[in-house]
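Engineer: I have a structure I would like to understand better, so I am pasting it below and will then ask my questions one at a time.
Numbering (the working numbering), first residue to last: 1164 to 1980.
Next up, the structure:
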C-alpha cells in the first residue's frame, strides 16, 4: 500500500521533491497537461452552455493508466501542479481523469522547489480552486472558437492554411503597423554642433543648444565663431539619486535576457524552467514584483555580508499591472547567498541576472552628482552646454544596472566626469564641428520589445507571452531577421585653427539585427481582420477580454455567461463574412506599365506567396502573363515598377557548363541555379542577379562532391532505391520512404531485394497533421463553477456545475473538486 502519491508536472521536479519528502511519499509526473479538447468541430457544445468535451491526449494514455493504478493504492493523493491557472487546470483534469476520491485528495502549491517550501505546502493543503480552472477553461474554449470559426474564413477568402487567433492576430497587427510607420517615415537631417576644448590637458566636450536644418546655417555659425572666445557662464552641481528596478516579472526577465544575454523569449523561458525545476529560482511565470518577507530578509543579510549595512535598503515594490495574478511573488533566487546554480553556461548566466536584479532591488539608492557647465560664445547668442556626472555612492550600481531598448543612447548614459572647472574660466577651443545627423523612425520590434508592448496594452498574460511570439513566427506571419543597412553620405564641417573644412563621409543606415518583420500575408490578413472583424483585432477589446478572465479567476464572473456575450457578437460577424468577395482581399495592386513591354504590372498574393504578374492572358494570340516572386524585404503594398523590373531579369543565363546553360532564378524555396534539369540552392550571401559563371560552376561542383560522399550504393535496375549516408548514419531510401538499416548489416553489401524487403516491413508514417487515432467515446465530467479555495475539511467542496466531457464510459459521473 502506498501512503502518499504526489503528482507534479515534470519529471525533473519529481526527482527533487521526492528527495525532500522521504520514504512515505512517491512522486510521479503527469508530463504537463493530460487532457485537451479533441481536434474536431464537436469539442464544444455551444447550445449547451459551451460545454467542452475533453479527451486524454494520445501520448498521455500510458501516463494516466500508470497514475490511475498508483492512485488506487495510495492513502492520499497530493496534486502539486504549478500555482497558476494552467497548473490549477492540470490538477482538475488529473482529478477527473484518475477518478480521484475527494476524501483522499489534496491540492498543494509552492512558489519554489526547496525543502521548506515543499514541507510547508504539505502542512497547508487546499482544495482545487474552481475559479482558476474556469478562467483557464474560458480562455481555452474562447480561443478554440475563434480559431475554428475564423481560420476557415481566411482559407476561403485569402489563402488555405492560414490561422487567426485572439492574441496572435493582435501581436501581428503591432508588427504590421510598426512596419508601415517605418515605410511612411521621411528622414530629415540636421547639423549637430559639438565643441572640443583642452582644459589643462584634459578633453572637455560641449554641445550647442540648438541644431541647424541646413548646411548653410551650420557653415554660417562656424564662420561667426572664427576668432571667438569661450567662457564658462555658469556651473551647477546638483546631487541626484537613482533607485533600483524591481525584481523580475516574466516579461521584464524576457526583455532583459534579450538585451543582456541575447536570448530569444522562448529560450529565456526554457532556461528559467530548468532553473526552477532544479530548485534554484522561484516560479518563473508571474506578473508580480513582490518579494516575501523571508526573501527580503535573506537579501538584506547577503547584501550586508557582501557590501556592508550602508548598502541595505529593504523595499517592497507595488505591482503596476491591474491583473497581477493570485498574489504571486517576483522571480528571485531561492538562496541569495548561492553564487553558482549550474554547470550549464546559459543557466548560470540567466541565474546571475535574476540573482543580481533581486539583490539590487533591496539595496540603497546610488548617489550621483551631476554637473552642468553653460559656455558663452563672445558676440553670439547661442550657448554651449557640457554635462557630466560622478558617482558619489554606488549603492545598487555595485551589483546591477538595468539596460534599455533605446537604440540611441541618451546623453545621460554616455556622460562621464568633467575636468575641474570654475565660473568665468576662459576655455581653449581645439575644434568646433558640425556633423549632419538624420532622424530615425521608431525601431522595429524585437521579441522582447513586442512582449513589453503586449504587457503595456494588457494583452496576454505571463504564461502566453512566449507561446504567442513563437506562434506568429511558426505560422509565417512574422520573421525574425537581420537586414543589411544601406550606405548613406553625411557631411562634416570643422572649424580648426581659424579655418573651416568640409568633408563627406558615409555610414551604414537601417541595419537591423534580430528584428521582427511582417510578411506580405501578415499585412493582407491584418487588413482583412481590421475591415471585417474589428473587435477580434482591437487592442482595447482584447485587453478587456483578458480582464474578464481575471474576473472569472477571482470568482466575480460566470465563465459560460462571459463566453455567451462574446460568441453572440463574434459568430454574427462570421456569418456575415460569407458576402465578402475574395478578389477584394487578394492584396492585388497595379504598379503601372512596364517601360520596356508596355504591359501592366500587378502585385498579387498567390498560393506560394507574393508575386508580380506582367501582362494578361490573351486567348486570341495565345499570349500568357509572366510571373516573378517578390524577394525578401519587398512588400506588395510598397514595391515599385523599378523594383518589379529587376525581378523579371530572372531567370537569367549565367553561363555554360558541360555544354548546358546554367540559369539563375528564384523559386518557392528561394534563389537557385538550374543546370541539366537539376537545381542547386544559392546561399544567402550570393545574389542571383549578380552570380558569375565561375561562382555557379563552383556551387555545382561542391554539391556534386557532397552528394557523392553521401551516396553509398545505387541500383541501376531500380533508380528509386538508394543507400545513403545521413546525419544519423546510413539508411535506405525507397521512393519517398526512409528505411532504417538493421544493426550488424553492412550498408555497402545490401542487395536490391534486401532493401525492398526492409522497406516492405517498415510501416508508413502517418500523414502530417492527420489524426493518429479517433478520440475515444466520452463520458460526461462536469467542470467547475464557483468554489472558494480553502483547506480541506472532512470532505472536499464539490463543484456546482459541470462543463466537461471526458473519455471512457465505464467511470461514474463525479463532481469536480
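Don't be surprised by glycine CBs; every beta carbon is placed ideally from N, CA and C.
1. Just list the residues that DSSP pairs residue 1198 with in beta bridges.
2. Determine, using beta carbons only, whether residue 1442 and residue 1403 come nearer to each other than 7 Å.
3. DSSP has residue 1402 in a bridge; who is on the other side?
4. Counting Cβ pairs, one atom from each stretch, are 3 or more of them under 8 Å apart for the segment 1552-1562 and the segment 1416-1435?
5. Report yes if the CB atom of residue 1683 is closer than 7 Å to the CB atom of residue 1773, and no otherwise.
6. Can you have a look at residue 1219 and say buried or exposed, based on whether 16 or more other CB atoms are within 10 angstroms of its CB?
7. Quick one: give me the first and last residue of the alpha helix (DSSP H) that residue 1630 is part of.
8. When we look at the beta-carbon of residue 1842 and count the other beta-carbons within 10 Å, is it buried (16 or more) or exposed?
9. Considering only C-alpha positions, which residue in the set 1917, 1532, 1562 and 1479 is nearest to residue 1517?
10. Where do the ends of the alpha helix (DSSP H) carrying residue 1174 lie?
11. Write down the C-beta distance between residue 1272 and residue 1260 rounded to the nearest angstrom, noting that I regard them as a contact closer than 8 Å.
12. Around the Cβ of residue 1959, are there at least 16 other Cβ atoms within 10 angstroms (buried) or fewer (exposed)?
13. In the DSSP assignment, what are the bridge partners of residue 1701?
14. Residue 1652 bridges to which residues according to DSSP?
15. Across the segment 1326-1339 and the segment 1638-1649, are there enough close Cβ pairs to call them in contact, namely three or more that are closer than 8 Å?
16. May I ask which residues mark the beginning and end of the alpha helix (DSSP H) holding residue 1337?
17. Give the list of continuous beta strand (DSSP E) stretches no shorter than 3 residues that lie fully inside the segment 1489-1548.
18. If I'm right that residue 1825 touches residue 1833 with Cβ under 8 Å, what's the distance once you round it to whole angstroms?
19. Rounded C-beta distance between residue 1317 and residue 1327? I'm assuming under 8 Å.
20. Less than 7 Å between C-beta atoms, sequence neighbours within five positions excluded: which residues of the same chain meet that for residue 1549?
21. What separation, rounded to the nearest whole angstrom, lies between the Cα atoms of residue 1713 and residue 1298?
22. Can you tell me whether residue 1344 is buried or exposed? The criterion is at least 16 other CB atoms within 10 Å of its CB, across all chains shown.
23. With C-beta atoms as the reference, is residue 1524 less than 7 Å away from residue 1409?
24. Beta-carbon separation of residue 1110 and residue 1359 under 7 Å?
25. Quick one: Cα of residue 1471 to Cα of residue 1478, how far?
26. According to the neighbour-count rule (16 or more other Cβ atoms, all chains shown, within 10 Å of its Cβ), is residue 1728 buried or exposed?
27. Residue 1593 lies in the beta strand (DSSP E); which residues open and close that run?
28. Just verifying my parser: in three-state terms, what is the DSSP assignment at residue 1315?
29. Give a yes or no on whether the C-beta atoms belonging to residue 1913 and residue 1886 are separated by under 7 Å.
30. Determine the DSSP secondary structure at residue 1756, reduced to helix, strand or coil.
31. For the alpha helix (DSSP H) that contains residue 1251, what are its first and last residues?
32. Would you kindly check if the distance between the Cβ of residue 1599 and the Cβ of residue 1354 is under 7 Å?
33. Could you give the distance in angstroms between the alpha-carbon of residue 1244 and the alpha-carbon of residue 1456?
34. Just tell me which of 1246, 1247 and 1231 has its CA closest to the CA of residue 1240.
35. Can you tell me whether residue 1771 is buried or exposed? The criterion is at least 16 other CB atoms within 10 Å of its CB, across all chains shown.
36. Does the pairing of the segment 1861-1870 with the segment 1888-1904 give three or more beta-carbon distances under 8 Å?
Structural biologist: Reading off the structure:
1. Bridge partners of residue 1198 according to DSSP: 1219.
2. No; because the gap between Cβ atoms is not below 7 Å, this pair is not in contact.
3. In the DSSP assignment, residue 1402 forms a beta bridge with 1532.
4. No: the two stretches stay apart, fewer than three of their Cβ pairs being nearer than 8 Å.
5. In this structure, residue 1773 lies closer than 7 Å to residue 1683 by Cβ.
6. Buried, since its Cβ has 16 or more Cβ neighbours within 10 Å.
7. Segment 1628-1637, the alpha helix (DSSP H) holding residue 1630.
8. Looking at its Cβ environment, which holds fewer than 16 other Cβ atoms inside 10 Å, residue 1842 is exposed.
9. Nearest neighbour of residue 1517 by Cα position, chosen from 1917, 1532, 1562 and 1479, turns out to be 1562.
10. Note, residue 1174: alpha helix (DSSP H), 1174-1184.
11. The pair is not a contact, with the Cβ atoms about 20 Å apart (cut-off 8 Å).
12. Reliability fails at residue 1959, whose pLDDT of 38 lies under 50, so the model's placement of it is uncertain and the value that follows must be treated cautiously. So residue 1959 ends up on the buried side.
13. Looking at the DSSP assignment, residue 1701 forms no beta bridge with any residue, so it has no partner.
14. Beta-bridge pairing links residue 1652 to 1669.
15. Output reads yes: the segment 1638-1649 touches the segment 1326-1339.
16. Element bounds for residue 1337: 1331-1347.
17. With a minimum length of 3 residues, the unbroken runs of beta strand (DSSP E) contained wholly in the segment 1489-1548 fall at 1529-1540.
18. By a beta-carbon distance limit of 8 Å, residue 1825 does not contact residue 1833. Their separation comes to about 17 Å.
19. 6 Å between Cβ atoms; contact.
20. Hits under 7 Å: 1367, 1368, 1369, 1536, 1538 and 1581.
21. Inter-residue distance for residue 1713 and residue 1298 is about 7 Å (C-alpha atoms, whole angstroms).
22. It counts as exposed.
23. Residue 1524 is a Cβ neighbour of residue 1409, given a cutoff of 7 Å.
24. In the structure as shown, the chain starts at 1164 and stops at 1980, and residue 1110 therefore has no counterpart that could be examined.
25. Residue 1471 and residue 1478 have their alpha carbons spaced roughly 17 Å apart.
26. With fewer than 16 other Cβ atoms within 10 Å, it is exposed.
27. Residues 1589-1601.
28. If DSSP states are grouped into helix, strand and coil, residue 1315 belongs with the helices.
29. In contact: residue 1913 and residue 1886 (Cβ atoms closer than 7 Å).
30. Three-state result, residue 1756: strand.
31. First-last of the alpha helix (DSSP H) with residue 1251: 1248-1260.
32. Yes.
33. Between residue 1244 and residue 1456, the C-alpha separation is close to 24 Å.
34. The shortest Cα separation from residue 1240 among 1246, 1247 and 1231 belongs to 1231.
35. With fewer than 16 Cβ atoms within 10 Å of its Cβ, residue 1771 is classed as exposed.
36. Contact between the segment 1861-1870 and the segment 1888-1904 is absent: fewer than 3 CB-CB pairs across the two stretches fall below 8 Å.
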